[in-house]
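In this text, residue positions in the sequence shown follow numbering that gives the first Met the number 0: the first is 0, and each later residue adds one. Below: one structure, written as structure tokens.
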Amino acid sequence: MSTTPRYISTRGSSPAATVSDAIAAGLAPDGGLYVPETMPQLDADGFDPHGSLADTAATLLAPFFAGDPLAAALPAICAEALDFPVPHRALPADGAHVLELFHGPTAAFKDVGARFLAACLAHLPRHDARPLTILVATSGDTGAAVGAAFHGRPGVRVVILYPDGKVSPRQAHQLGCFGGNVTALRVAGRFDDCQRMVKAALNDPALQAAVPLSSANSISLGRLLPQMSYYAHTALAWWRDRGQPLNLIVPTGNLGNALAALWVRALGLPIGRVRLACNANATLPEFLGGADYRPREAVATIANAMDVGAPSNVERLRWLFDDATLRHELPATCVDDDAIRATIARHASEHGEVFCPHTATAVHVLDTLRAAGDRDDWTVVATAHPAKFESVVEPLIGRPVAVPAALAAMLARPAHATPLPATEAALDELLRALPGG
């Protein structure tokens with residue numbers, strides 16, 4: 000019997016695939032998301048206690064890649080993708096920590112998954128002389144991370160769709176600053192329109208035949224798997240030091256980042272409680288609070304990268320857990336713009352801590368827990384650098400936010416984005432017209 004793991008669709012109507020095939024495809028042929036047929040079980044003692052983040056990732060992901068053509072290259076892929084720090088540091092509030100995931104090239108946690116996916120695809124042989132087009136819908140941060148990860152790589156091009164006027168000015172500049180093999184499209188709609196258009200393109204056999212496509216959204220297994228690494232690495236260190244599982248509050252939009260933490264826990268590693276912090280988009284809080292799952296149009300907020308009304312990874316969440324378990328174990332809280340602003344202002348004034356609007360949703364949830372008497376250890380997940388949202392943050396804290404060097408270099412480049420109607424036909428036409436297809 001083969002020990003090579005297989006990956007199946009959340010919708011159950013596609014043939015099982017290898018991890019290489021699942022990563023290359025992005026979306027399963029039936030429109031579902033790829034998941035492991037079975038979850039491996041891991042032992043905390045199997046990880047090098049002195050290993051780097053890349054070492055932890057290679058050990059963590061080895062069972063997912065066993066027997067696959069990418070298996071031999073996995074340590075090198077992890078080393079290439081995970082070459083920046085993810086500090087876990089104490090906050091001034093007692094028992095609280097923050098896990099900073101924004102020290103990569105584009106100052107957002109999306110760098111981890113995007114760089115890993117790019118490295119994987121670079122190691123996979125292709126038998127089509129035409130370029131592979133990576134489609135990505137972004138509510139702010141994903142597109143820049145994918146653009147940076149694939150910029151200048153031969154045989155591949157990136158097409159980024161973002162909702163025009165619904166990302167921060169610096170995010171918009173990042174999305175359009177690459178040029179070359181990266182095209183930015185400012186879509187006259189919401190993020191959910193961008194995501195719908197990308198899914199439709201990936202699920203269109205005629206378009207795929209004309210223009211080879213893949214995905215770099217969190218629907219891609221190649222994005223989700225590496226995001227487990229920083230949770231595993233941090234939780235293992237915490238476990239060795241404290242003998243306790245790591246409790247997490249995760250800012251949540253499309254659900255990929257939080258799902259990665261839940262998958263780490265499902266593998267048997269020491270993740271404890273997980274809480275979701277959402278903005279005013281109430282799809283997940285309502286569902287996890289007991290209502291029927293009801294996707295809807297996204298509401299625009301100042302935490303724009305979380306402006307998602309139909310989170311894709313709900314399919315993966317409900318594949319692994321039944322609804323009753325989810326509602327018992329995964330609380331989710333809505334945090335409105337006023338509360339986000341108040342949280343940013345108060346923590347800057349009282350503690351000298353400056354958070355981006357997304358991280359501030361998680362900090363607000365922590366503050367609410369403390370006010371209710373919760374004294375457990377919690378780690379807030381910081382998903383982006385506050386300098387990406389200076390138009391929101393700086394008026395609240397009354398001073399400029401220092402810009403990381405890599406972000407400053409991107410902002411110094413010229414930027415351009417092409418307008419596009421929010422229709423599947425418009426994207427189809429544009430993709431077919433790309434040179435070299």
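Where is the CB? At the ideal position from N, CA and C, for every residue including glycine.
Can you tell me which of the options puts its alpha carbon nearest to the alpha carbon of residue i?
i: H346; options: F64, I7 and P91; result: P91
i: A279; options: L254, A209, E393 and M305; result: M305
i: A95; options: H415, A405, D376 and A381; result: D376
i: T9; options: L319, G252, A234 and L283; result: L319
i: R340; options: G271, G372, A302 and E349; result: A302
i: A416; options: C176, T324, L69 and S217; result: C176
i: G308; options: C277, L329, H327 and F101; result: C277
i: T342; options: E328, T360 and L325; result: T360
Report the rounded CA-to-CA distance for residue i versus residue j, giving the unit in angstroms.
i: Y292; j: R114; result: 32 Å
i: L283; j: A331; result: 7 Å
i: S19; j: L419; result: 32 Å
i: G30; j: A215; result: 15 Å
i: H384; j: E99; result: 9 Å
i: C77; j: I22; result: 15 Å
i: E389; j: G50; result: 36 Å
i: I438; j: K109; result: With the chain running from 0 to 436 in the structure shown, residue 438 is simply not present.
i: F190; j: A386; result: 22 Å
i: V157; j: L316; result: 28 Å
i: W406; j: D82; result: Note that residue 406 corresponds to Leu in the displayed sequence, not to Trp. Approximately 17 Å between the Cα atoms of the pair.
i: A118; j: E349; result: 42 Å
i: I7; j: A27; result: 8 Å
i: V364; j: R125; result: 46 Å
i: M0; j: Q40; result: Unreliable placement is indicated for M0, whose pLDDT of 35 sits below 50; the coordinate value is still reported in the next sentence. Each residue's Cα considered, the two are about 19 Å apart.
i: E285; j: A75; result: 42 Å
i: K165; j: P35; result: 34 Å
i: D127; j: V210; result: 11 Å
Assuming residue i and residue j are in contact, meaning their beta carbons sit under 8 Å apart, how far apart are those beta carbons, in whole angstroms?
i: L116; j: G221; result: 4 Å
i: G66; j: T2; result: 6 Å
i: P225; j: L245; result: With a Cβ gap of about 18 Å, P225 and L245 do not count as contacting.
i: S311; j: Q194; result: 7 Å
i: L275; j: T251; result: 4 Å
i: D163; j: V186; result: 6 Å
i: V249; j: A260; result: 6 Å
i: L235; j: T55; result: 7 Å
i: A200; j: L430; result: 7 Å
i: L32; j: L69; result: Not confirmed; about 19 Å, so no contact.
i: V392; j: V400; result: 6 Å
In three-state terms, what does DSSP make of residue i?
i: A187; result: strand
i: H415; result: coil
i: N246; result: strand
i: I396; result: helix
i: L222; result: Checking the sequence shown, residue 222 turns out to be Arg, not Leu. Here R222 sits in helix by DSSP.
i: P124; result: coil
i: P356; result: helix
i: Y33; result: strand
i: L81; result: coil
i: S390; result: helix
i: R511; result: Since the first and last residues shown for the chain are 0 and 436, residue 511 lies out of range.
Any heavy atom of the ligand NAP within a distance shorter than 7 Å of the CB on residue i?
i: P104; result: For the structure depicted, the ligand NAP is absent and the ligand set is empty, with no information on it obtainable.
Using 8 Å as the threshold, is the region 411–430 in touch with the region 368–379, meaning 3 or more CB pairs across them? no
Below 8 Å, how does it come out for the region 224–237 and the region 148–156: are there three or more Cβ pairs, yes or no? no
Count the CB pairs spanning the region 163–175 and the region 136–150 that are closer than 8 Å, and state whether there are at least three. yes
Count Cβ pairs between the region 350–361 and the region 335–342 that sit closer than 8 Å; are there 3 or more? yes
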